[in-house]
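If you read the sequence shown in the working numbering, its first letter stands for residue 761, the second for the next number, and so on. Using N, Cα and C, we set each Cβ at its ideal position, and we do this for glycine too.
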Amino acid sequence: RAVSGRGRGDLAEAAAPKETPSREDIYNMRQLSDDALGAACVFLSPEDAARYRETCSRAADVAGRDAVWAPACQARWAGRRQKDGWLAKAVGDGTLPKWRRHYALREREVKRARV
């Protein structure tokens, strides 16, 4: 049954994402500050943040920052008995933590324990 005068093909076509961004989309993304992009990256899943990092060097820098990965680690580790130990290792000696690296290490550690 058609919805709003559209057939099934029209709905699928309307829901499909654009294959390539327009020049205007690219221009608008370039106008955002790194801080604004980083703030948006906080809402991405760790997998999506990792994929975004692969798109360009600016994305690699912005989406690889600790400000993006610290909340992802804390959310992922919430409720785990190892959380305090993992957070202590991530913060370490007081130097800036590399949260993305710690996220990957802990994920491997958890997978190894399940096997």
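Own chain, CB closer than 6 angstroms to residue i, minus 5 neighbours either side, in chain order
i      : result
Ala827 : Gly798
Arg766 : Residue confidence for Arg766 is low, a pLDDT of 49 falling below 50, so the modelled location carries little weight and cannot support an answer.
Same chain, Cβ closer than 8 angstroms to residue i, neighbours up to 5 away in sequence not counted
i      : result
Gly839 : none
7 angstroms Cβ shell around residue i - same chain, five flanking residues per side excluded
i      : result
Arg831 : The sequence given here has Pro at residue 831, not Arg. Answer for Pro831: Val802, listed in chain order.
Cys833 : Ala850, Trp859, His862 and Tyr863
Environment of residue i [buried if 16+ CB atoms lie within 10 Å]
i      : result
Val822 : buried
Asp809 : The sequence shown places Ala at residue 809, rather than the Asp named in the question. Result: buried.
Arg866 : buried
Arg813 : buried
Lys871 : exposed
Closest by C-alpha distance to residue i, when choosing among the options
i      : options                           : result
Asp795 : Lys871, Arg825 and Ser817         : Arg825
Ala835 : Ile786, Leu804 and Ala800         : Leu804
Ile876 : Trp829, Leu865, Ala819 and Arg868 : Only positions 761 to 875 of the chain appear in the structure, and residue 876 is not among them; the question remains open.
Cys816 : Pro806, Trp829 and Met789         : Met789
Glu807 : Lys843, Ser793, Trp829 and Gln791 : Trp829
### Query
What alpha helix (DSSP H) runs, 4 residues minimum, are completely inside the segment 799-872?
Entirely contained in the segment 799-872, the alpha helix (DSSP H) runs reaching 4 residues are, in chain order, 806-813, 817-823, 826-837 and 843-851.
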